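In my numbering, the protein residues as written are 4 to 191.
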């Protein structure tokens with residue numbers, strides 16, 4: 004029998020609060036390319052992994068570490084979700100076929116954006132700043148700085164509507180509740 008401290012190999016949470024059974028399948032027209040910093044690979048608070056598990060039309064690529072150069076899939080029709088330029092209040096026309104999302108801390112994401120030459124020249128999608136909810140998996144360094152899964156949900160709301168975004172937001176809420184249940188987080 005597994006001890007309460009053993010971790011699920013899929014969601015990386017303690018077995019007693021494993022949320023794998025609650026991961027929805029969210030079908031999207033937009034392909035999500037999640038480029039994850041190598042330091043996020045084993046963090047239970049990483050939400051890029053959860054987004055990838057919920058999104059069948061997604062790919063997860065690890066960046067950095069000892070894996071050698073990052074090999075991104077072809078990025079035809081791709082935009083990069085990145086907080087630069089003016090925020091968009093409506094979907095671009097035509098909408099992106101793919102959306103590249105950097106899954107890292109904010110400082111790591113900025114460095115990744117500069118280092119990944121395949122991203123140069125791609126259009127940027129900046130979301131409007133939204134208030135950061137009090138319940139977080141990690142501390143937010145500023146207004147509008149949200150987790151990877153929250154950013155993907157917001158982008159998909161803009162591109163494809165509420166029905167696609169809502170299950171990802173609910174999954175994030177479940178992840179936060181699971182973290183509280185482990186005692187790793189304290190209520191705000």
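Glycine residues also receive a C-beta, built at the ideal position from the N, C-alpha and C atoms. Note that the structure is predicted; figures quoted are calculated from it, not measured.
- Boundaries of the beta strand (DSSP E) around residue 63: 61-66.
- Per the C-alpha coordinates, the member of 19, 97 and 62 positioned closest to residue 163 is 97.
- Each residue's CA atom was taken as its position, placing residue 170 and residue 54 some 10 Å apart.
- Short of 7 Å from the beta carbon of residue 43, and not among the five residues preceding or following it, lie these beta carbons of its own chain, in chain order: 49, 51, 106 and 107.
- Counting C-beta pairs with one atom in each stretch, the segment 27-44 and the segment 59-68 have three or more that are closer than 8 Å, which means they touch.
- In the structure shown, residue 106 adopts extended strand secondary structure according to DSSP, grouped into three states.
- Positions of the beta strand (DSSP E) runs, each at least 3 residues long and wholly inside the segment 20-49, are given as 34-40 in order along the chain.
- DSSP places residue 162 outside any beta strand (DSSP E); the residue lies instead in the alpha helix (DSSP H), whose first and last residues are 151-163.
- CA-CA distance, residue 113 to residue 62, rounds to 20 Å.
- Boundaries cannot be given for residue 96, as no beta strand (DSSP E) includes it and DSSP labels it neither H nor E.
- Taken through DSSP and simplified to helix, strand or coil, residue 128 comes out as strand.
- For residue 84, the enclosing beta strand (DSSP E) stretches over residues 81-84.
- Looking at the DSSP output, residue 52 bridges to nothing.
- Rounded to the nearest angstrom, the gap between the Cα atoms of residue 157 and residue 70 is 31 Å.
- Two segments are said to touch when three or more pairs of C-beta atoms, one from each, lie closer than 8 Å; by this definition the segment 82-97 touches the segment 123-132.
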